[in-house]
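Participant: The structure's right below; bear with me while I get my questions together.
Protein chains in written order, with our numbering: chain A, 33 to 261; chain B, 3 to 137.
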């Protein structure tokens, strides 16, 4: 059964310690041990792999050097034949036959190491996948546990602090009200700001003699009264 | 990162997107941090840290608050809103519907701060959108 499905069943059943229910009576510890064991296997497989790859390279180098030696000796044998030295040519040919036997042997060795490398690489990949899978499953179980513990702590905290949990509608109402308040305050502040800037404009106009001040208009009134008399 | 470090670093943000974060540790078996964003006192976020992730959860409403006759519609609505809602998802813990976001354990403190702010904003947005389905 998938871990997620087990979690579902446990949570539906109202279990508080999901880890125990899902993995084992020992909770997540066994699971963690399995991951550790798999990691040890992985390390060993990687060590083996580097070892075998080194041997594979050695065998490869030997194959190359034997091939080179064979072609060199073929040249020597040709030269001996050109000089009419049949005996020497035969001796060289024997050497070549020996080298070819060595080559065949080394090629076998190289092939066997190559096969080994492929198998070990597959093992490493498989083990890595398995560890990832274990870790993913463990994370699911641990997260479920953590959320359950956290929500228990939160509920206990609410209970002990006597603070009331608001319903969503009440919360929204209060938030909207506050946002409206803030908005109104901002609008009022803007209005005030606008008035202030109006006033200062008037003052600046007055001091520049563009708009009539209080004295001037008093004089004008007096002039008007005098003129009526 | 443990919750105390997180609380200290988050509180030290003078101004995160125009919000001040208020952090309060909650005692219990697991370390949980209660974080309020700005003056959204009604919708605190709860942050807990596990081996693999940082979980931020905000409670939306309880099963009791759901109008019984339109419950299925509410659930469908929430399922469909899950993707459009940036960074947060709906879930349920026990009988409480929640909105949550999960972060990688190595997230920067700025990322965590923005996550919590987004979560709170999304929570207000979500309740507003789902208001008709609630008592």
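All C-beta atoms, glycine included, are put in the ideal place defined by N, C-alpha and C.
Within 10 angstroms of its Cβ, does residue 46 of chain B collect 16 or more other Cβ (buried), or is it exposed?
Facilitator: To locate residue 46 of chain B, count along the second chain from 1; it is residue 44. Burial call: buried.
Participant: What residues match up with residue 24 of chain B in a beta bridge as DSSP calls it?
Facilitator: In the second chain, counting from the first residue as 1, residue 24 of chain B sits at position 22. DSSP output for residue 24 of chain B lists B/38 as bridge partner(s).
Participant: Can you list the residues of chain A that residue 30 of chain B reaches, using a CB-CB cut of under 9 Å?
Facilitator: The count along the second chain starts at 1 and reaches residue 30 of chain B at position 28. Near residue 30 of chain B (Cβ distances below 9 Å), the residues of chain A are 181, 182, 184, 185, 186, 188, 189.
Participant: Report all residues from its chain with a CB closer than 7 Å to the CB of residue 23 of chain B; omit the five preceding and five following residues, and keep chain order.
Facilitator: Reading the second chain from its first residue, position 21 is the one you call residue 23 of chain B. Once the five neighbours on either side are set aside, the close Cβ partners of residue 23 of chain B are 12, 13, 15, 37, 39, 115, 118.
Participant: Looking at the C-beta of residue 60 of chain A, does it have a partner C-beta in chain B at a distance below 7 Å?
Facilitator: Residue numbering aside, residue 60 of chain A sits at position 28 when the first chain is read from its first letter. For residue 60 of chain A, the answer is no, since every Cβ of chain B falls outside 7 Å of its Cβ.
Participant: Look at the alpha carbon of residue 105 of chain B and the alpha carbon of residue 149 of chain A, and state the distance between them as a whole number of angstroms.
Facilitator: As a first step, residue 105 of chain B is located in the second chain; it is residue number 103 there, counting from the start. As a first step, residue 149 of chain A is located in the first chain; it is residue number 117 there, counting from the start. So the two alpha carbons sit approximately 39 Å from each other.
Participant: Distance, Cα to Cα, residue 172 of chain A vs residue 166 of chain A?
Facilitator: As a working note, residue 172 of chain A is residue 140 in the first chain. As a working note, residue 166 of chain A is residue 134 in the first chain. Going from the Cα of residue 172 of chain A to the Cα of residue 166 of chain A covers about 10 Å.
Participant: Could you give the distance in angstroms between the alpha-carbon of residue 99 of chain A and the alpha-carbon of residue 86 of chain A?
Facilitator: Locating residue 99 of chain A in the first chain gives position 67, counting from the first residue. Locating residue 86 of chain A in the first chain gives position 54, counting from the first residue. C-alpha separation (whole angstroms): 20 Å.
Participant: Per DSSP, what kind of secondary structure is residue 47 of chain B in: helix, strand or coil?
Facilitator: By 1-based counting over the second chain, the position of residue 47 of chain B is 45. It is a strand residue.
Participant: So, using beta-carbon positions, are residue 60 of chain B and residue 136 of chain B closer together than 7 Å?
Facilitator: Reading the second chain from its first residue, position 58 is the one you call residue 60 of chain B. Reading the second chain from its first residue, position 134 is the one you call residue 136 of chain B. The answer is no: Cβ separation not under 7 Å.
Participant: Going by the beta-carbon positions, is the gap between residue 101 of chain B and residue 90 of chain B smaller than 7 Å?
Facilitator: Walking along the second chain from the start, residue 101 of chain B turns up at place 99. Walking along the second chain from the start, residue 90 of chain B turns up at place 88. It is a contact, given that the beta carbons lie within the stated cut-off.
Participant: Residues of chain A with CB under 7 Å from residue 122 of chain B, in chain order?
Facilitator: For the purposes of this step, residue 122 of chain B is taken as the residue at position 120 of the second chain. Neighbours of residue 122 of chain B on chain A: none; closest Cβ ~10 Å, over 7 Å.
Participant: Assign residue 191 of chain A to one of two classes, buried (16 or more other C-beta atoms within 10 Å of its C-beta) or exposed (fewer than that).
Facilitator: Here residue 191 of chain A refers to the residue found at position 159 when the first chain is read from its first residue. So residue 191 of chain A counts as exposed.
Participant: Considering only the beta carbon of each residue, do residue 55 of chain B and residue 95 of chain B sit closer than 7 Å?
Facilitator: Sequence index remark: in the second chain, residue 55 of chain B carries index 53 (1-based). Sequence index remark: in the second chain, residue 95 of chain B carries index 93 (1-based). Not closer than 7 Å, so no.
Participant: When the Cα of residue 90 of chain A is compared with those of A/40, A/205, A/142, which residue comes out closest?
Facilitator: What you label residue 90 of chain A is simply residue 58 of the first chain in a count that begins at 1. Out of A/40, A/205, A/142, A/142 has the C-alpha closest to the C-alpha of residue 90 of chain A.
Participant: On the criterion of 16 or more Cβ atoms from any shown chain inside 10 Å, does residue 113 of chain B qualify as buried, or is it exposed?
Facilitator: Reading the second chain from its first residue, position 111 is the one you call residue 113 of chain B. Residue 113 of chain B should be labelled exposed.
Participant: So which residues on chain B does residue 210 of chain A lean against when the C-beta distance must stay under 7 Å?
Facilitator: Residue 210 of chain A sits at position 178 when you count from the first residue of the first chain. Neighbours of residue 210 of chain A on chain B, chain order: 41.
Participant: Would you tell me roughly how many angstroms separate the C-alpha atoms of residue 71 of chain B and residue 92 of chain B, rounded to the nearest one?
Facilitator: As a working note, residue 71 of chain B is residue 69 in the second chain. As a working note, residue 92 of chain B is residue 90 in the second chain. Cα-Cα distance, rounded: 20 Å.
Participant: Is the CB of residue 207 of chain A under 7 Å away from at least one CB in chain B?
Facilitator: For the purposes of this step, residue 207 of chain A is identified with residue 175 of the first chain, where counting begins at 1. So, interface residue.
Participant: Is it a yes or a no for the region 174-189 of chain A touching the region 124-141 of chain A, going by three-plus beta-carbon pairs under 8 Å?
Facilitator: No, they do not touch.
Participant: On the criterion of 16 or more Cβ atoms from any shown chain inside 10 Å, does residue 152 of chain A qualify as buried, or is it exposed?
Facilitator: To locate residue 152 of chain A, count along the first chain from 1; it is residue 120. Buried, by the Cβ-count rule.
Participant: My output table needs one value for residue 129 of chain A: the three-state DSSP class, helix, strand or coil.
Facilitator: The residue given as residue 129 of chain A occupies position 97 in the first chain. Residue state, collapsed to three classes: helix.
Participant: Give me the subset of the region 33-57 of chain B whose CB atoms are less than 8 Å from a CB atom of chain A, sorted by chain position.
Facilitator: Result list: 34, 36, 41, 42, 44, 45, 48, 50, 52, 53, 54, 55, 57.
Participant: Where do the ends of the beta strand (DSSP E) carrying residue 56 of chain B lie?
Facilitator: As a working mapping, residue 56 of chain B is identified with position 54 in the second chain. Note, residue 56 of chain B: beta strand (DSSP E), 55-64.
Participant: Can the beta-carbon of residue 185 of chain A be found less than 7 Å from the beta-carbon of residue 49 of chain B?
Facilitator: Locating residue 185 of chain A in the first chain gives position 153, where the first residue counts as 1. Locating residue 49 of chain B in the second chain gives position 47, where the first residue counts as 1. Taking 7 Å as the Cβ cut-off, residue 185 of chain A and residue 49 of chain B do not qualify as a contacting pair.
Participant: To which residues does DSSP link residue 129 of chain B through a beta bridge?
Facilitator: Here the question's residue 129 of chain B lines up with position 127 in the second chain. BP columns for residue 129 of chain B are empty, so no partner.
Participant: Closer than 7 Å, CB to CB, is residue 129 of chain B near chain A or not?
Facilitator: Within the second chain, residue 129 of chain B is the residue found at index 127, counting from 1. Chain A, which has a Cβ nearer than 7 Å to the Cβ of residue 129 of chain B, makes this yes.
Participant: Do we get a CB-CB distance below 7 Å when we pair residue 171 of chain A with the residues of chain B?
Facilitator: By 1-based counting over the first chain, the position of residue 171 of chain A is 139. Residue 171 of chain A counts as touching chain B.
Participant: Who are the near neighbours of residue 125 of chain B in its chain, counting only those whose CB is closer than 7 Å to its CB and skipping five residues on each side?
Facilitator: Within the second chain, residue 125 of chain B is the residue found at index 123, counting from 1. Correct list, in chain order: 45, 60, 62, 101.
Participant: Among A/132, A/174, A/234, A/236, which residue has its Cα nearest to the Cα of residue 102 of chain A?
Facilitator: Counting from 1 along the first chain, the entry for residue 102 of chain A is found at position 70. Nearest option by C-alpha distance: A/132.
Participant: Pull up the distance between the alpha-carbon of residue 137 of chain A and that of residue 82 of chain A, whole angstroms please.
Facilitator: Translated into positions along the first chain, residue 137 of chain A becomes position 105. Translated into positions along the first chain, residue 82 of chain A becomes position 50. Looking at the two C-alpha atoms, the distance is approximately 23 Å.
Participant: What are the residues of the region 146-178 of chain A that lie near chain B, defined by any Cβ-Cβ distance shorter than 7 Å?
Facilitator: Against chain B - using a Cβ distance shorter than 7 Å - the residues of the region 146-178 of chain A are 171, 174, 175, 178.
Participant: If you count every other CB in all the chains shown that lies within 10 Å of the CB of residue 218 of chain A, and 16 or more means buried, which is it?
Facilitator: Counted from its first residue, the first chain places residue 218 of chain A at position 186. Looking at its Cβ environment, which holds fewer than 16 other Cβ atoms inside 10 Å, residue 218 of chain A is exposed.
Participant: Quick one: is residue 261 of chain A buried, meaning 16 or more other Cβ sit within 10 Å of its Cβ, or exposed?
Facilitator: Translated into positions along the first chain, residue 261 of chain A becomes position 229. The residue is exposed, with fewer than 16 neighbouring Cβ atoms inside 10 Å.
Participant: Among residues of its own chain, excluding the 5 on either side of residue 73 of chain A, which ones have a beta-carbon nearer than 7 Å to its beta-carbon?
Facilitator: As a first step, residue 73 of chain A must be located in the first chain, where it is residue number 41. Taken in chain order, the residues that qualify are 159.
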